[in-house]
Amino acid sequence: METYLTVDIGNSAVSIALLKGLRVYYSENVDVNQPVREFTGAMKKVLATVRRGNHDLTAVLVCSVVPAKNRSVRNLITKNLGIRPHFVGEELDVPLINKYRDPAQVGRDRLVGAYAAQKLFGQPAIIIDFGTAITLDVLSRDGHYMGGIIVPGMRLSLESLHSKAALLPRIEEVRRPRSVIGRTTEHSILSGLVYGYGEMCRGLVRRISRDIEGRPGIVVTGGYARLMVQFLSELAPAVDTHLVHKGLVLCYHHHIRA
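Every letter in the sequence shown is one number past the one before it in the numbering used here, and letter 126, counting from 1, is 126.
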């Protein structure tokens with residue numbers, strides 16, 4: 001079975017995975033915002049682990065929403081693995097009809113995730129990614145990418161609250177409180193965050209569903225997917241925390257057949 005190394009360069013982390021076909025069997029994250037020397041060292045360490053595994057890589061596939069990191073990541077992969085990576089938007093395209101007013105504005109990770117949802121779970125669909133930003137992306141009944149919604153992410157909201165409000169504490173761990181009504185400041189913040197975002201997403205799914213033809217499937221991904229999926233349980237959502245990595249492989253499959 002073919003083996004792929006996939007790299008998702010996001011605003012908070014570089015997510016790296018090894019896949020056999022569409023099965024992820026190794027994954028690692030590298031903080032994208034650390035100083036250049038530390039970032040380079042962390043990437044080299046992960047790539048050394050990949051190299052020591054003697055994987056017969058079919059391809060290295062990269063999706064990025066941080067253009068400033070593209071050259072360094074490309075050079076690190078080429079130098080440490082001896083393979084030239086395929087970047088979405090350069091060597092690799094996402095085979096979706098994009099209905100955005102300016103298609104180039106859509107984050108490539110959003111398109112890759114939408115394509116993965118289409119191929120793995122069908123259409124129409126609403127894809128919710130609980131990442132640095134929370135995004136809701138919409139696939140029509142015809143499989144077209146229709147656009148979506150962008151909301152500041154949960155960790156981003158916590159950091160903003162702490163930095164702008166002198167008496168509010170930093171919350172290190174995002175978790176669901178036992179009750180909605182907070183009895184401490186930390187409890188109150190977590191309640192607003194988790195229950196507030198949960199109800200928001202549930203409401204947005206209802207509104208989006210009224211605007212598209214057919215009953216959409218719900219696909220949930222991102223770092224807080226397993227925490228937040230409970231708020232969508234009545235919609236029988238699919239959860240796939242490696243959706244973008246699988247989407248990269250699916251884009252490559254389409255590329256080599258084209």
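Every residue, glycine too, gets a C-beta built ideally from N, C-alpha and C.
Taking residue 48 as part of the alpha helix (DSSP H), name the residues at either end of that continuous run.
To locate residue 48, count along the sequence shown from 1; it is residue 48. For residue 48, the enclosing alpha helix (DSSP H) covers residues 36-52.
Using C-beta distances below 8 Å, list every residue in its chain close to residue 251, excluding the 5 sequence neighbours before and after it, in chain order.
Counting from 1 along the sequence shown, the entry for residue 251 is found at position 251. The residues are 61, 88, 92, 93, 94, 95, 112, 115.
Euclidean distance between Cα positions of residue 141 and residue 147:
Residue 141 sits at position 141 when you count from the first residue of the sequence shown. Residue 147 sits at position 147 when you count from the first residue of the sequence shown. For residue 141 and residue 147, the distance between alpha carbons rounds to 14 Å.
Which partner residues of residue 27 appear in the DSSP bridge assignment?
Counted from its first residue, the sequence shown places residue 27 at position 27. Looking at the DSSP assignment, residue 27 forms a beta bridge with 17.
Residue 254 bridges to which residues according to DSSP?
Taking the sequence shown and counting its residues from 1, one reaches residue 254 at position 254. DSSP, once it has assigned bridges, lists no residue as partnering residue 254.
Find out if the Cβ-Cβ distance for the pair residue 188, residue 180 is shorter than 7 Å.
For this step, residue 188 is matched to residue 188 along the sequence shown. For this step, residue 180 is matched to residue 180 along the sequence shown. Taking 7 Å as the Cβ cut-off, residue 188 and residue 180 do not qualify as a contacting pair.
Run of the beta strand (DSSP E) containing residue 127, from where it starts to where it stops
The count along the sequence shown starts at 1 and reaches residue 127 at position 127. Counting along the chain, residue 127 sits inside the beta strand (DSSP E) bounded by residues 125-130.
Report yes or no: do the segment 95-108 and the segment 69-81 share at least 3 C-beta pairs separated by less than 8 Å?
By the criterion of at least three beta-carbon pairs nearer than 8 Å, the segment 95-108 is not in contact with the segment 69-81.
Less than 6 Å between C-beta atoms, sequence neighbours within five positions excluded: which residues of the same chain meet that for residue 229?
Numbered from 1 along the sequence shown, position 229 holds the residue referred to as residue 229. In the same chain as residue 229, and ignoring 5 residues on each side of it, the C-beta atoms closer than 6 Å to its own belong to 220, 237, 239, in chain order.
Restricting to Cα atoms, I'd like to know which of 222, 227, 34 is closest to residue 133.
In the sequence shown, residue 133 corresponds to position 133, counting from 1. For the residues 222, 227, 34, the minimum Cα distance to residue 133 belongs to 222.
The segment 1-21 / the segment 46-60 touching (three or more Cβ pairs under 8 Å)
With the rule of 3 Cβ pairs closer than 8 Å, the segment 1-21 counts as touching the segment 46-60.
Between residue 143 and residue 217, is the Cβ-Cβ spacing less than 7 Å?
In the sequence shown, counting from the first residue as 1, residue 143 sits at position 143. In the sequence shown, counting from the first residue as 1, residue 217 sits at position 217. No, the pair does not count as a contact, with Cβ atoms beyond the cut-off.
Spatial neighbours of residue 98 within its chain, please: C-beta separation below 8 Å, excluding the five flanking residues on both sides.
Locating residue 98 in the sequence shown gives position 98, where the first residue counts as 1. Within the same chain, residue 98 has close Cβ partners 106, 111, 144, 145.
Going by other Cβ atoms of all chains shown within 10 Å of its Cβ, with 16 needed for buried, is residue 160 buried or exposed?
Taking the sequence shown and counting its residues from 1, the one referred to as residue 160 is at position 160. Burial state of residue 160 is exposed, judged by a 10 Å Cβ sphere holding fewer than 16 other Cβ atoms.
Measuring only the C-alpha atoms, how far is residue 126 from residue 169?
Numbered from its first residue, the sequence shown carries residue 126 at position 126. Numbered from its first residue, the sequence shown carries residue 169 at position 169. Those two C-alpha atoms are separated by around 34 Å.
Consult DSSP for residue 245 and reduce its assignment to one of helix, strand or coil.
As a position in the sequence shown, residue 245 is number 245, starting the count at 1. Correct three-state label for residue 245: helix.
Quick check on residue 324: buried or exposed, where buried means 16 or more other Cβ atoms within 10 Å of its Cβ?
There is simply no residue 324 to check, as the chain begins at 1 and stops at 258 in what is shown.
Alpha-carbon to alpha-carbon, residue 203 and residue 167
For the purposes of this step, residue 167 is taken as the residue at position 167 of the sequence shown. For the purposes of this step, residue 203 is taken as the residue at position 203 of the sequence shown. One Cα belongs to residue 167, the other to residue 203, and the distance between them is close to 31 Å.
Note the first and the last residue of the continuous beta strand (DSSP E) segment covering residue 62.
Position 62 of the sequence shown, counted from the start, is the residue given in the question as residue 62. It spans 57-64 - the beta strand (DSSP E) in which residue 62 sits, taken as one unbroken run.
Do residue 42 and residue 27 come within 7 Å of each other at the CB atom, strictly closer than that value?
Counting from 1 along the sequence shown, the entry for residue 27 is found at position 27. Counting from 1 along the sequence shown, the entry for residue 42 is found at position 42. No, Cβ-Cβ distance for residue 27 and residue 42 is not below 7 Å.
If I measure Cβ to Cβ from residue 171 and keep anything under 7 Å in the same chain, skipping five residues before and after, which residues do I get?
As a position in the sequence shown, residue 171 is number 171, starting the count at 1. These residues qualify, in order along the chain: 158, 186, 189, 190.
From which residue to which residue does the beta strand (DSSP E) around residue 219 run?
Looking up residue 219 in the sequence shown gives position 219. It spans 217-222 - the beta strand (DSSP E) in which residue 219 sits, taken as one unbroken run.
Measuring straight from C-alpha to C-alpha, what distance separates residue 120 and residue 64?
For the purposes of this step, residue 120 is identified with residue 120 of the sequence shown, where counting begins at 1. For the purposes of this step, residue 64 is identified with residue 64 of the sequence shown, where counting begins at 1. Approximately 22 Å, taken between the alpha carbons.
Quick check on residue 1: does DSSP put it in helix, strand or coil?
Sequence index remark: in the sequence shown, residue 1 carries index 1 (1-based). In the three-state reduction of the DSSP assignment, residue 1 falls in the coil class, being assigned neither a helical nor a strand state.
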